[in-house]
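Some notes on the structure that comes next.
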Amino acid sequence: MFNLIRGGQTPVGALALSLALVLALTVACGDNGDSGTSMPTVTATAAVQYPLTLTDSKSRSVTLETAPQAIASLSPAATEILFAIGAGDQVAAVEMFSNYPPEAQSLPQLDAYEPSVEAIAGEQPDLVLVYFDPGNLVDGLERAGLTVMFLEPPTSVDGVLEQIRLLGEATGHPQQADDLVATMQQSITDIQEQLVDVEEGPRLFHELDNLLFTVAPDSFVGDLYTILKAQNIAAGTDQAYPRLSQEAIIEADPEVIILADTGGGESVETVKARPGWGSISAVQNDRIYVVDPDIVSRPGPRLVDALGTLAQALYPERFE
11 MFNLIRGGQT PVGALALSLA LVLALTVACG DNGDSGTSMP TVTATAAVQY
61 PLTLTDSKSR SVTLETAPQA IASLSPAATE ILFAIGAGDQ VAAVEMFSNY
111 PPEAQSLPQL DAYEPSVEAI AGEQPDLVLV YFDPGNLVDG LERAGLTVMF
161 LEPPTSVDGV LEQIRLLGEA TGHPQQADDL VATMQQSITD IQEQLVDVEE
211 GPRLFHELDN LLFTVAPDSF VGDLYTILKA QNIAAGTDQA YPRLSQEAII
261 EADPEVIILA DTGGGESVET VKARPGWGSI SAVQNDRIYV VDPDIVSRPG
311 PRLVDALGTL AQALYPERFE
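My numbering puts the first residue of the sequence shown at 11, with every later residue one more than the last.
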């Protein structure tokens with residue numbers, strides 16, 4: 011279940027680097043969780059009936075005349091959700107870094123970061139799921155006559171579960187979505203129960219890239235650490251993915267360092283060699299852990315695996 015390496019490094023593919031860069035791009039674009047968008051809401055009845063009207067993260071009403079049968083998913087997380095709720099055969103095209111589940115890799119691939127309206131329209135989708143809107147992509151797709159739903163990346167575990175339910179409604183798989191959410195919630199509860207007696211976990215620094223971007227509590231990954239009662243050294247910053255200085259990290263003295271940027275050339279050894287980092291408790295006590303960002307940074311069904319991986323790093327004596 012867990013994918014964690016201590017005191018060593020594991021290679022990750024282009025997706026790992028891309029995800030770290032996308033998180034950093036969120037910061038560069040000024041998205042600090044106060045963008046004016048909101049979590050999407052379901053306005054249909056519990057039993058899916060079409061036409062179905064949903065409200066997306068841009069507060070746009072999106073109407074589906076029938077259950078979509080040719081979805082273009084411009085997010086690896088959305089792709090994972092669709093397959094996990096039994097809607098995989100309704101997916102016609104995926105974002106080019108969608109590497110899970112394996113069957114998604116055989117579908118036509120689209121570029122979500124430098125998107126082409128023509129390429130997306132060429133797949134003839136009856137629904138396009140967009141999590142990133144460069145160059146007013148949503149408007150361009152709608153002008154091309156496509157039905158588009160913008161789903162802002164969730165900033166919490168509850169937000170992920172809500173989007174799973176939403177996509178269950180949109181695709182006609184509400185029961186499968188509810189079942190998946192229930193299973194995930196039980197797994198989260200099981201982990202939490204092992205931490206009931208923990209008042210305050212270890213100090214934690216989560217590294218997204220070698221520019222020292224990290225995750226604050228108001229981010230999806232940061233919420234995982236909140237659930238695990240870790241002391242996130244980025245707490246108190248005003249962005250979801252802030253960039254910390256070397257001096258601030260050294261002064262905060264994290265007891266655990268999580269590396270999610272080995273795809274960018276970082277490793278346990280390079281961290282240990284950084285000037286001044288030898289005084290950090292995590293370095294001195296060999297508590298630097300490499301994680302797979304495909305799992306840890308992706309707000310989808312595998313967040314339970316991510317939570318288990320991080321729990322093992324923070325509390326090795328409790329999670330073996």
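The beta carbon of each residue, even a glycine, is placed where N, CA and C say it ideally should be.
query	result
Reduced DSSP category for Val138 - H, G, I as helix; E, B as strand; rest coil	strand
C-beta contact flag for Ala103 and Pro86 at 7 Å	no
Where the alpha helix (DSSP H) through Ile290 begins and ends	It is not in any alpha helix (DSSP H) - Ile290 carries neither H nor E in the DSSP assignment.
N-terminal and C-terminal residue of the alpha helix (DSSP H) that Ile91 is part of	Pro86 to Ala94
Chain-order list of residues whose beta-carbon lies under 8 Å from that of Glu209 (same chain, five-residue window excluded)	Lys239
Beta bridge counterpart(s) of Glu105 as assigned by DSSP	Leu120
Integer-rounded CB distance, given that Phe230 should sit under 8 Å from Pro309	5 Å
8 Å contact criterion, which Ala270 and Val301 should meet: CB distance rounded	6 Å
Residues that DSSP places opposite Phe160 in a beta bridge	Val140
Exposure label - Val158; buried when at least 16 CB within 10 Å	buried
Exposure label - Tyr60; buried when at least 16 CB within 10 Å	exposed
Collapsed DSSP secondary structure at Gln79 in the structure displayed	coil
Segments of 3+ residues assigned as beta strand (DSSP E) that fall wholly inside the region 215 to 293	266 to 269
CA-to-CA distance, Gln202 to Ile237, given in whole angstroms	7 Å
C-beta atoms of Ile174 and Ala192 nearer than 7 Å	no
Delimiting residues of the alpha helix (DSSP H) encompassing Ser10	Because the chain spans 11 through 330 in this model, residue 10 falls outside it and cannot be assessed.
Three CB pairs or more closer than 8 Å across the region 284 to 300 and the region 254 to 268	yes
Spatially closest choice to Ile198 from Ala316, Ser69, Pro326 and Ala77, by CA coordinates	Ala316
For Asp188, the three-state DSSP class (helix, strand or coil)	helix
For Thr181, three-class secondary structure by DSSP	helix
Local conformation of Gly74 per DSSP, three classes	The sequence as given places Leu at residue 74; Gly does not occur at that position. Strand, per DSSP.
Inter-stretch contact (C-beta, 8 Å, three-pair minimum) for the region 81 to 99 and the region 127 to 144	yes
Contact set for Thr76: own chain, Cβ-Cβ below 6 Å, skip 5 residues either direction	Tyr60
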